[in-house]
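Protein chains in written order, with my numbering: chain A, 39 to 201; chain B, 4 to 350. Yeah, the Cβ is synthetic: ideal placement off N, Cα and C, and Gly gets one too. Heads up: the structure comes next, in structure tokens.
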């Protein structure tokens with residue numbers, strides 16, 4: 039997982055308000071060379087959450103990025119020193135093994151062979167469906183397609199006998 | 004487009020279904036039914052809140068989907084390449100296409116979908132894309148290259164994520180695309196970060212269509228576009244509450260082997276998007292444009308290479324292959340529709 043990806047991932051366990059950015063526990067970091075493409079970096083720069091990137095890079099052992107996000111003149115200038123640092127941090131550092139940690143709950147999302155597993159467990163997911171059932175096993179008139187679709191999936195699993 | 008396919012030959016008017024007799028495909032996937040002990044019910048007059056029962060069936064489905072694609076992705080890629088979706092063909096094209104013709108059709112599907120959504124003029128604005136249900140990343144790599152954008156793909160299958168990343172590296176696209184294991188119903192992203200939200204033939208796997216659409220909308224940036232291309236059942240007519248039993252039965256048999264939960268219609272998606280205040284909502288029925296696809300897939304399965312690969316691949320692949328004629332039957336009888344639904348999030 040590279041930091042360009044990390045910069046977009048967040049924890050969305052139900053109830054979590056501040057799931058971004060995920061902290062990094064780095065067990066194995068490797069560097070893979072990638073062709074330098076300044077235009078791509080300039081195109082993407084506006085979308086990067088800077089503080090999150092600096093912190094993440096530090097967790098991966100790279101502390102060359104400035105604390106504060108540079109302004110547009112630095113990005114657009116012909117001097118590519120800054121862009122090369124950005125390139126290295128964003129695209130060439132790979133978290134191969136480790137974990138991404140939710141800043142609010144401490145929940146760890148494992149990273150194996152460079153792939154984060156962001157699947158939530160059953161109890162972390164919002165999963166409540168309310169169905170109105172009339173008496174005598176008759177399903178209620180379905181008012182909207184949403185009701186019908188949910189009902190088809192969930193209603194049957196209940197095999198409910200409504201008193 | 005020419006006239007639609009003929010309606011089903013027998014239309015029986017049926018009494019209202021009772022709850023206990025409705026067949027749900029998601030039930031078929033469970034190895035055991037949830038016991039009443041697992042169910043949490045809040046009794047209030049006439050209303051029931053379902054928690055555990057719904058979650059355990061959703062978990063089983065998720066695992067089933069992951070295992071299915073872990074097993075079958077390699078086989079598909081070997082024969083069809085890295086796009087795991089239908090090709091787009093001119094209607095009534097009777098010319099039998101070569102393999103490369105079909106691959107071109109799969110690329111055309113991506114281009115036609117982008118065009119339908121009105122995306123093509125906006126290259127510069129697209130910086131971040133999410134591919135929901137990304138397979139081995141064919142669409143992601145194509146779109147990232149086309150727009151010079153960053154694309155992130157999510158799939159339930161670790162095997163697919165790994166393969167997708169490897170292919171990206173081989174094509175020198177690692178800096179633009181990445182893939183992770185995540186659930187489309189609980190996407191690991193902040194709100195509003197994607198300029199383009201892409202779901203190419205993954206919607207049919209989502210057990211909760213409302214939640215699926217809500218998540219797609221949540222992660223779309225203001226002004227961003229959503230493109231959903233998916234298998235649907237036909238729209239229901241005025242007053243129709245559900246499909247005919249024979250139609251439902253056909254779909255159930257397909258659901259079992261392809262790990263699909265209940266189907267919905269294109270109109271259902273449109274209504275969900277309307278309820279979430281999306282604008283410029285468009286939809287179309289592309290069933291005639293994909294008609295050559297399943298016969299072509301069956302032909303490749305019946306080649307020597309296809310048969311050997313199937314046998315090597317395992318039971319899930321074999322069962323999947325045996326189910327393909329049902330897809331053709333579904334399309335022919337007007338039960339299954341290939342739908343595209345696109346929209347834009349207001350600024």
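Here residue 112(B) carries a helix assignment [DSSP, helix/strand/coil]. In the structure shown, residue 40(A) adopts extended strand secondary structure according to DSSP, grouped into three states. In the three-state reduction of the DSSP assignment, residue 225(B) falls in the strand class, which pools E and B. Between residue 144(A) and residue 39(A), the gap from beta carbon to beta carbon reaches 8 Å or more.
Excluding five sequence positions before and after residue 298(B), the CB atoms of its chain that fall closer than 7 Å to its own CB belong to 331, given in chain order. Listed along chain A, the residues sitting closer than 9 Å to residue 131(B) by beta-carbon distance are 46, 82, 85.
For residue 81(A), the closest of 113(B), 59(B), 318(B), 150(B) by C-alpha to C-alpha distance is 150(B). Against chain A, the CB of residue 225(B) has no partner CB under 8 Å away; the residue lies outside that interface. Contact between the segment 55-65 of chain A and the segment 88-104 of chain A is established, with three or more Cβ pairs separated by less than 8 Å.
With contact defined as three or more Cβ pairs closer than 8 Å, the segment 257-264 of chain B and the segment 284-299 of chain B are not in contact.
Taking the beta carbon of residue 122(B) as reference, no residue of chain A falls within 7 Å; the closest one sits roughly 17 Å away. In terms of CA proximity to residue 48(A), 155(A) leads the group 155(A), 69(A), 161(A).
Excluding sequence positions up to five before and after residue 162(A), its CB lies within less than 7 Å of the CB of 51, 52, all in the same chain and listed in chain order. Against chain B, the CB of residue 99(A) has no partner CB under 8 Å away; the residue lies outside that interface. Contact of residue 49(A) with chain B by beta-carbon distance below 8 Å involves 191. Under DSSP, residue 232(B) takes part in a beta bridge, and its partners are 203(B), 343(B). Around residue 163(A), the beta-carbon contacts reaching into chain B at under 9 Å are 58, 61, 186, 188, 189. Taking C-alpha positions only, residue 222(B) is separated from residue 197(B) by approximately 6 Å. Below 8 Å, enough C-beta pairs join the segment 122-138 of chain B and the segment 158-172 of chain B to call them touching: three or more. Chain A places no beta carbon closer than 8 Å to that of residue 247(B), leaving this residue out of the contacts. Three or more beta-carbon pairs separated by less than 8 Å link the segment 305-312 of chain B to the segment 72-82 of chain B, which places the two stretches in contact. By DSSP's assignment, residue 155(A) forms a beta bridge with 184(B).
By the rule that beta-carbons nearer than 8 Å mark a contact, residue 160(A) touches chain B. The shortest CA-to-CA distance from residue 106(A) to any of 87(A), 128(A), 75(A), 115(A) is the one to 87(A). By a beta-carbon distance limit of 8 Å, residue 210(B) does not contact residue 69(B). Their separation comes to about 14 Å.
Between the alpha carbons of residue 343(B) and residue 108(A) lies a distance of about 42 Å. Residue 292(B) sits buried, since 16 or more C-beta atoms from the chains shown fall within 10 Å of its C-beta. Residue 154(A) belongs to the set of residues whose beta carbon lies under 8 Å from a beta carbon in chain B. Assigned with DSSP and collapsed to three states, residue 286(B) falls in strand. In terms of beta-carbon proximity, residue 76(B) stays away from the interface with chain A, with every pair separated by 8 Å or more. In this structure, the beta-carbon distance from residue 114(A) to residue 57(A) does not fall below 8 Å. The straight-line gap separating the alpha-carbon atoms of residue 205(B) and residue 116(A) is approximately 44 Å. If you keep only unbroken alpha helix (DSSP H) runs of at least 4 residues inside the segment 114-198 of chain B, you get 141-150, 161-173. Counting along the chain, the unbroken alpha helix (DSSP H) around residue 252(B) starts and ends at 248-261.
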